[in-house]
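Okay, structure first, notes after.
Numbering (this note's numbering), first residue to last: 1040 to 1229.
Given below as structure tokens:
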């Protein structure tokens, strides 16, 4: 049996993502997914583990969803429609945070720990997550299992205004933001 079609495996990976915790210097440990959703970076060890789980989950769920017809989604999907809508809520904020962190790290030469995942690994994971979210968005446009406002991320407040606002002074050189950044920001802003 194919891994992508294994509901128990996908459910276990999702539970692992939800239960992964980050130890803090002060106070109790916090959930890694929520920690990342708030825009904080993960320590190297937890970052690698989270990255691998997220990449595997995004890939396998994308493949699983692509093999299901819309009618089968509510009966043969590894997750119920309610769980999928809760998943979208968490993953869209993780996507924005990962995207901004990798963009800022690669274009502004912010140091990344040599013990943690590389920028390319984060970008790959982010691309896989984008593909999953796009697949879920397409399904939602036909099945309407998430409300429209669920797709608008509160994390968009973290996106620097220069990514989506036109500059008034034409003499000031504009930073070379990749078209994919603007496209993904526009997609999440819908």
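Just so it is clear, CB atoms sit at the ideal spot from N, CA and C, and this is done for glycine as well. Everything numeric in this text was worked out from a predicted model, so none of it was measured.
Task: Nonlocal neighbours in the same chain, by C-beta distance under 6 angstroms from residue 1097, ignoring five residues either side - done: 1167, 1168 and 1171
TODO: Determine contact between the stretch 1118-1135 and the stretch 1079-1086, defined as no fewer than three beta-carbon pairs at a distance below 8 angstroms.
DONE: no
Open item on the list: I'd like the ranges of any beta strand (DSSP E) spanning at least 3 consecutive residues and lying wholly in the stretch 1087-1153.
Closed with: none
- [ ] Quick one: measure Cβ to Cβ for residue 1055 and residue 1062, integer angstroms, because I've assumed they're closer than 8 angstroms.
- [x] Contact doesn't hold; Cβ gap of about 17 angstroms is too wide.
Task: alpha helix (DSSP H) segment containing residue 1186, residue limits - done: Where residue 1186 is concerned, there is no enclosing alpha helix (DSSP H), given that its DSSP letter is neither H nor E.
Open item on the list: Am I right that residue 1107 and residue 1116 are in contact with their C-beta atoms under 8 angstroms? What's the rounded C-beta distance?
Closed with: 6 angstroms
TODO: Answer yes or no: do residue 1137 and residue 1092 have a C-beta to C-beta separation smaller than 9 angstroms?
DONE: no
TODO: State yes or no: is the C-beta of residue 1134 within less than 9 angstroms of the C-beta of residue 1165?
DONE: yes
TODO: Decide if residue 1110 is buried, meaning its Cβ has at least 16 other Cβ atoms within 10 Å, or exposed.
DONE: exposed
Task: Nearest to residue 1161 (by Cα), restricted to the options 1095, 1102 and 1183 - done: 1095
TODO: Taking all protein chains shown into account, decide if residue 1186 is buried (16 or more other Cβ within 10 angstroms of its Cβ) or exposed.
DONE: exposed
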